[in-house]
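Remarks on the structure that follows.
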Amino acid sequence: GYTVVKNDWKKAVKQLQDGLKNKTISTIKVSFNGNSVGEVTPASSGAKKADRDAAAEKLYNLVNTQLDKLGDGDYVDFEVTYNLATQIITKAEAEAVLTKLQQYNDKVLINSATDTVKGMVSDTQVDSKN
């Protein structure tokens, strides 16, 4: 979870709203000074864009008036549940990335320099004149 003080609340809420909108966050429970005030979860299990946007707006409305009134020593807690299914790649996706990287491993970017070809000289390169 996150504990936020008065000076930083707008930035923190914006980041949490972005997480709801881009599906990285599935649920946020909000507490003020240790007392629960609500939970924000997109309405549909498929989390359509309109539902995610509505959840982000609900989060803002839930905390806006309360956070503006935070006094010294007051705090708000956000208990965040991340939607890990959107962050984990499959074995097939990982293998596709590996295959793409291996293609670059075999690609010659700069030729080795010779008497007739311009290129890069390596300290392990054999001198053709000796």
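Residue numbers (the working numbering): 1407 to 1536. All C-beta atoms, glycine included, are put in the ideal place defined by N, C-alpha and C. None of the values given here were measured: they were computed from a predicted structure.
Q | Start and end residues, beta strand (DSSP E) containing D1483 | A | Here the beta strand (DSSP E) through D1483 covers 1482 to 1488.
Q) Counting along the chain, where does the beta strand (DSSP E) carrying T1433 start and finish? A) DSSP places T1433 inside the beta strand (DSSP E), whose first and last residues are 1431 to 1438.
Q. Run through DSSP, which three-state label would N1470 get?
A. helix
Q.
For N1517, list the residues DSSP reports as bridge partners.
A. Answer is none; N1517 lacks a bridge partner.
**Q.** Short Cβ contact (7 Å threshold) for Q1421 with A1462
**A.** no
Q) Which residues in the same chain have their Cβ closer than 7 Å to the Cβ of N1439, if we skip the five residues on either side of it in sequence? A) D1480, Y1481
Q: Give the straight-line distance between the Cα atoms of D1512 and L1504, rounded to the nearest whole angstrom.
A: D1512 and L1504: Cα-Cα distance of roughly 13 Å.
Q. Which same chain residues, not among the five before or five after V1443, have their C-beta less than 6 Å away from its C-beta?
A. Correct list, in chain order: V1436.
**Q.** Pair within 7 Å by beta-carbon distance, N1489 and T1430
**A.** Yes.
Q) From L1515 to V1527, what distance separates their C-alpha atoms? A) 13 Å
Q. Thinking just about the alpha-carbon of each residue, which of K1497, T1487, V1446, K1455 is nearest to the one in N1467?
A. V1446
**Q.** For N1517 and K1454, the rounded distance between their alpha carbons
**A.** 52 Å
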